[in-house]
Every structure is written in structure tokens, then in C-alpha cells.
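Data block below; observations after.
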Amino acid sequence: MSDAHTRDVGHPADAHTVIKVRGAREHNLKNIDVDLPKRRLTVFTGVSGSGKSSLVFSTIAAESQRLINETYSTFVQGFMPQQARPDVDVLEGLTTAIIVDQERMGANPRSTVGTATDVNAMLRIVFSRLGAPHIGSPQAFSFNVASISGAGAVTIEKGGKKVKERRSFEVLGGMCSTCEGRGSVSDFDFDELYDASKSLADGALKVPGFSMDGWYGRVFGAVLPMDVAIQDFTEAQLHDLLYKEPIKVKADGVNLTYEGLILRIQKSMLSKDRDAMQPHIRAFVDRAIVFRPCAACEGTRLNDSARSSKIDGVSIADVCAMQISDLAEWVRSINDPGLAPLMAKLADTLDSFVQIGLGYLSLDRPTGTLSGGESQRTKMIRHLGSALTDATYVFDEPSIGLHPHDIQRMNQLLLKLRDTGNTVLVVEHKPEMIQIADQVIDLGPRAGALGGEVCFVGSVAGLRASGTLTGTHMDDRARVKETVRQATGAIEVRGANEHNLRDIDVDVPLGVLCVVTGVAGSGKSSLIRSSVSGRDGVVTVDQGAIKGSRRSNPATYTGLLDPVRTAFAKANGVKPALFSANSEGACPECKGAGIIFTDLGMMATMESVCPVCDGQRFDAAVLEYTLGGKNIAEVLDLSMSEAHEFFAQPDSKIPKAVKILDRLVDVGIGYIKLGQSLSTLSGGERQRLKLAIHMLEDAEVYVLDEPTTGLHLADVQQLLGLLDRLVDAGKSVIVVEHHQAVMAHADWIIDLGPGAGHEGGRIAFTGTPAALIADGSTLTGQHLGSYVRQ
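Numbering (this note's numbering), first residue to last: 302 to 1091.
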């Protein structure tokens, strides 16, 4: 460990020098005590599910935010989410916590990289001062402000009397009126809405939920002919089917409302966030709705007036479309004494993008399209130039999405935050980032019920000698395979030009483990997403988060509960619905939640275990029914490994459940309980749960986007074993990855680059890992060579 990066943590003693944690029991934490030195960089290590996030996020950061919220007035608190105090005896020495996590930034179509980081706000000021022709204030350059004009009455005092006068007003905004500042407009693919050769009665509509067997049939029948093929509708009838405004109709003596199909879809489906849609609704929307750039604004979101004002021939739309590394140079070319402080701040912010490895982005990039790692680093931009000191910055695996080449720059930024007088807490698995810690806290020894203990506290050197799982694996280095598998075929990619790809041609080999590498922004995901994912027989496991409520658990998410409920019902001669805590079997007191929520008005809502079902979620009568000697609550309390053994026994045998559990255990989450809330799972656990589900699909090609996310060093070897088993079973596995152990284990590497953004988008190398190292001309080859030689 380099002395240049670390400081002597000494022997902390009081709240002025440490954050003191005593008796932490949140989630799986086992009454732990620990001191965190202030103004130092502490890294938390341990296997996924060992309790790192429970300590850092659910205990320390959560309590800091709760205490800050309590400083607001009672009125303001009434509009804020109520947070319960974490399960901990003592938390002393807390400072303001700033959380920079992996959660993707909101998918609001009006949010871009520029708006999320306030860079757009600074640029609007620059153009309002220097742009020619001058068109107005900064809001005249905002695509979120519409131009409106009108007239209204105002009361003024004239001659000692109050009189009303009618005055006109005008608000100049930059919003394109055609697309309302979204940059794109939506069209419907009518072939996906209905089969024109059929009648409504024959099931012409393809829209989910629009069955003519129920009340929809009665409503449509009151307005349209049910037995005529849609292709034979008159122009007026087709208009009524698609666009008719809501009208009251009477069907079978009941008053109902009819409205056109497209209006109904817009209200019931398109008004929702895509991630919140049910999977079958999301799939329909993706098929039926076609988004294209707005012709009026050419996709810029801005109206003609905003685009007409320019600085040296460049409009604000042109600026926002630039690669940020190029934009930083453009900003420095502007020399105006009156704006010097603003331009310096703007340049510093843009430089931060480049330092953090995001210089390839543009300001008009929608935030919803950023990966988890890109979102986390974009959030960092706000804080790097902050004047705050003595804050606690909390990072969740900041190495995600970073090539080894970029990790060193991330380390420098974390150390910069520390050196300006802040406490930096980092949850991390990568040795390159653990290396810079002033103090390491290793949790474990394992995961779930077998974790939640402090296994080591001290320096990086001490961790290496500690004998803990993390310490043992700190210096692990994968070796390049002596022999590699030979491809059995290839997916031919020709002329790929998505985003920054330069019309590239490449053959992606089949029947092997193929790893796609390159620095962040080199075009890896663009290549695979546009040219491989979506093909027949290809299953893609991306970084999208699992959406689950407090009531969701692995049993419900994987579909495991369905055959279990059926087996319980059959064994006891009752309805399957009784064995669902979200249906007829729910405890009447807590409605199947297992927890009672008590609203204490201005105080935080209190959670307590339901006194009737004792947290088991089911009605007492339901728990009388058993399968193989266990009731449904006892089954859901089993770990996946225990359940695998239970459902293989003759008196409780459920083959469908065993098949699902095979995969869950295979990906290394056998310690998680079937009924454990999804909201309590760590990022790594959720990623592997998602991977297991996709592995149940009958696919020929698996595409995995950074599957090592959230994985401990010890777990990576298990993942590699799983990938090997897939390939040995005749499958093809394509992995987009930065982890060097995965690169070394590959049969074939496709390396993109040589840089990011417009400096990338090319095939820098294809071949075996050994050949990549021998070539040594790419950043990936240089870092991989250094890795395997250490």
C-alpha cells in the first residue's frame, strides 16, 4: 500500500474524530460495534450479502439523513418521506451524509446529462448574454419552458383608487412546441394494435387486456360494428376505433365510457414510467410505439428562436450535442471578462466529466439511457467542486463500469474529496480501489445469516495478513488459459454504426466464452445491444435493476411460488390462493405484510412485527395445512439450498421448484431465504437472481452485461465456473466486462477503442487473451498483461 495515498488512522477516541457505531442490528448485522475515523477514506469489503450495505447505507447514511430531515419544520416534514430510526443502539459523531449510489438516474424524458448536472443552466446564461441575435433571458434557451402569450387583468393604483387594467404578457421559452421539449414524437404501429383481417368479435385487437369477452366488448359494441373486419371499416369507423374522444354510452342498461384505442393506451400505458410497467405491457409498448426524432426541432428539443441565437456560429443545441471533452475546449475559447467567473466554473465542471471518465458523453444524452456506473459518476460531478467540508460521502462500488485504465482516475477523485476535509466511505470489491483505503472494515465471514460480523478492521497490509476471505483473495490473479475452445460458428456483424460505432464489421464467435472489452464509452454495449441482443435465441441479462416491493421475494419473483402453492393445495384439498400472502391466505391483521405500520402524525411512521401472525404473513388457519411436514410459512423461511433439498424429497417433491432452485443455487445465492424481501437484497444478489431467471429460458446465446457487478473476489471464480458450464453444455456466452479475471478466462476477446466517444467505436483487437497480451498495443492488452504478470 502506497504511503502517498494513506494516512495514519491513529487511535480514534471521541465524536470529534470518529463516527461511533454500537449495537448495529439492521438486516443481518449481528450487534456489531465499530469506529470510523473522520476525514479519512474507509473501504468496506466482504462477500455480497455480508452486511456492507446494511452498515453503510441502511444504518449510518440512513440515520444521518433522518436527523437532517428532523431539522426542518413540522410543515415541511409533512411533505417528506418518513424514515424510521435504524436498529442500532448508538450512533455518534454523524455528519451530513451525501449518498452517491448505483441507482440509475430517473428516466424522465425531460432529464439530460446537462440538466442533471446544472451545466445546461450555466450555458443558458452564457447564451443569453453573448448569443446573437439576443432573444431574451436564460429561460429562452430552456427546452423545459414553453413560450406563451396572452392577456389578463391586473389591479393597479391610479389617482388614489384601485382600478383594473387589461395587459398583455409574453413568456419566451426555448421549448419546441411540436414535441413539447422531448426531442422525439411517437407513432403507433397499427399492425401491432390490431389484425385488420379480423373483426372485433373475432379478437382483432392485439392490445393487452382488451378482450371482447368482458365489458370491453359491450362498450365497443355500443359504438362500432363487432362482426365487420377492421379492413372493411369506413373512414369514420376507423377514426372512432382509434381516436374518438371519450363519450358516454349505454350497454346492457349500464352507463359506460367509450374512448378511442390510442387515447386509452396513452392514458393507461404511456403515462407510466417504462420501468414500472408489467413485463407484458412493456413488451407491447416496445413493439407498438415507434419513437422518431422530431422534424420541427431536428431532435434538439429547442424551438427555432433558441437555435437562431449563436456564439461564433454555434447554437446552444450544437453545444449540447458536442462530446463533453470537445465542449470543454470550446468553453475555453470564449474570452469575455464579464463572464470570467462563470466560464471558469463551467470549464471546471466539464473537466470533471473528463477526469471521471465520462468525457465521451454529450449534454443532450437522456439520463434514462445511462448505465448504473455512468449514473453514479454523473452524480459525483455535483460534489467534486462543492465548497462543503466535513461531510460524509458514501459510495457504492464506484468502480462499476470502469476499465482498469479509468480506476486510477476515480481513486484520485476519492482521495481529493478526503483531502478537502471530508469523510469518505466506500463499499467496494476491486483490489485496485481497496488499495487506497486509510482503513478497511471487512464484514462476513459469509453472506446472509452467515454474515453480519466484523471480521477485520485495520490497514490494507493488515487485511492481506488477516486470513479473512477478502484478505486471502486480495492478491488473486487469474491465469490465461493454455488452450482455448474453438468457435462453432459466428454472428456476423456488418456496418454497425449505433452511437459512436464507425460502421464496423466483426464476427462474434459462437460456442465459446467471448468477452467484449474496452474503456468506458468505447462502444461495447452499443455493439452488442444493436447487433446481437434481440436476435432469435439470444437472451440478454443487462444491468437493469429488479423492481420489487416489500411484498416481493425470490419465491414470487422467480415463479417458484406457483408450483409450491399448487402442491400445497393438492396435498390438502383446498384452493391455491390460500397459500399466497398477497391473496386469500393473508393474515387479516397485517394484510399479509407481516408488519404493522403505525402513523404517528408528525413523527416517523413506526413499524412493528404483526402481533397476530408474528411476522409470518399468513392466516393461522392456513398454517394448519402442511406439505412434507412443513407449513407454507416454514417453507418460505427455508434458504434456497435447504429448499432444494426439501423439494427433492418423496413426500414434498416438486420437480418444477427443484429446476428453478438448481439455477438459484448455481449462481451462488443458495443462502438467501425464499421469502426474504427483495428490498433487502444487495446489488450483487439482485444481479445473480436476475441471471438465474434468464438461465431458465431456452436460449442458445447468453449476453451478460458486467455480471461481476457486486461480486466479491471469491465469487468471481464461481461465476467463471458457471459460464464454463454453460459453454460446455453447448451454449454461447458473450460477456461485456472490465474485470480482468474474466478477460483472462475468455476463449476470445473483442476489444473496442482505442479510446472513448469519437476516439472509440473501432475494433482495436480480436483474438485470444494470450494474443491480446502479446500484441500490447491496446490499453486493455497492457493492463491485462500487467495483471497476469503480478
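The beta-carbon is built from N, C-alpha and C at its ideal position, and this holds for glycine as well.
Check                                                                                                                                                                                     : Outcome
Quickly, what does DSSP pair S672 with across the bridge? List them, please.                                                                                                              : Beta-bridge pairing links S672 to no other residue.
Identify, in the order they occur along the chain, each residue of the same chain with its Cβ nearer than 6 Å to the Cβ of S626, setting aside the five sequence neighbours on each side. : V655 and G660
Quick check on the burial criterion: 16 or more other C-beta atoms within 10 angstroms. Buried or exposed for V1004?                                                                      : buried
The beta strand (DSSP E) spanning T413 covers which residue range?                                                                                                                        : Premise fails: T413 is in no beta strand (DSSP E) and is neither H nor E.
Quick one: what does DSSP say D533 is sitting in, helix, strand or coil?                                                                                                                  : helix
With H, G and I counted as helix, E and B as strand and the rest as coil, what does DSSP make of G460?                                                                                    : coil
Out of curiosity, what's the CA-to-CA distance linking A648 and A821?                                                                                                                     : 22 Å
If you draw a straight line from the alpha carbon of S616 to that of S469, how long is it in whole angstroms?                                                                             : 30 Å
Helix, strand or coil for L1005 per DSSP?                                                                                                                                                 : strand
Please determine, among V486, E630, V348 and G324, the residue with the shortest C-alpha to C-alpha distance to T771.                                                                     : V348
From the DSSP output, in three-state form, read off I970 for me.                                                                                                                          : coil
Could you tell me which of I970, F444 and R467 sits nearest to G749, measuring between CA atoms?                                                                                          : I970
Please report the distance separating the alpha-carbon of Q1041 from that of N445.                                                                                                        : 43 Å
Please confirm if the region 446 to 464 is in contact with the region 626 to 636, defined as three or more CB-CB distances below 8 Å between the two stretches.                           : no
Report all residues from its chain with a CB closer than 6 Å to the CB of L862; omit the five preceding and five following residues, and keep chain order.                                : A856
Helix, strand or coil: how does DSSP classify A362 here?                                                                                                                                  : helix
I'd like to know whether the C-beta atoms of M941 and L924 end up nearer to each other than 7 Å.                                                                                          : no
Could you give the C-beta distance for G824 and L1053, rounded to a whole number, given that I count them as a contact under 8 Å?                                                         : 5 Å
By Cβ distance, which residues of its chain are closer than 7 Å to R989, with the 5 residues on each side in sequence left out?                                                           : V968, G969 and I970
I need the straight-line Cα distance from D488 to S672, nearest angstrom please.                                                                                                          : 27 Å
Relative to the alpha-carbon of L718, which residue among C621, G484, G702 and T693 has its alpha-carbon at the smallest distance?                                                        : T693
Note down the Cα distance separating K871 from Y517, rounded to an integer number of angstroms.                                                                                           : 35 Å
Since F592 contacts S485 with CB under 8 Å, what's their CB separation in whole angstroms?                                                                                                : 5 Å
Is G838 near the ligand MN - that is, is its Cβ less than 6 Å away from at least one heavy atom of it?                                                                                    : Judged by which ligands are present, the structure shown has none, so any question about the ligand MN falls away.
For the region 430 to 496, list the alpha helix (DSSP H) runs that are entirely contained and at least 4 residues long, ordered along the chain.                                          : 491 to 494
Per DSSP, what are the beta-bridge partners of V591 in this structure?                                                                                                                    : D488
Judging by CA-CA distance, which residue of G639, K507 and I531 is the nearest neighbour of A584?                                                                                         : K507
Let me know if V464 comes out buried or exposed under the rule of 16 or more other beta-carbons within 10 Å of its beta-carbon.                                                           : exposed
From this set, G461, D665 and A618, which residue's C-alpha is nearest G412's C-alpha?                                                                                                    : First, the residue type needs correcting, since residue 412 is Ser and not Gly in the sequence shown. It is D665 whose Cα lies nearest to the Cα of S412.
Rounded to whole angstroms, what is the Cα-Cα separation between G860 and D743?                                                                                                           : 35 Å
Which word fits E675, buried or exposed, when buried means at least 16 other C-beta atoms lie within 10 angstroms of its C-beta?                                                          : buried
Kindly indicate which three-state DSSP category H1084 falls into: helix, strand or coil?                                                                                                  : helix
Identify whether P912 lies in helix, strand or coil by the three-state DSSP scheme.                                                                                                       : coil
Does the Cβ of R483 have 16 or more other Cβ atoms within 10 Å, making it buried, or fewer, making it exposed?                                                                            : buried
What number of angstroms, rounded off, separates the C-alpha of S355 from the C-alpha of N854?                                                                                            : 18 Å
Could you give the distance in angstroms between the alpha-carbon of A688 and the alpha-carbon of T721?                                                                                   : 9 Å
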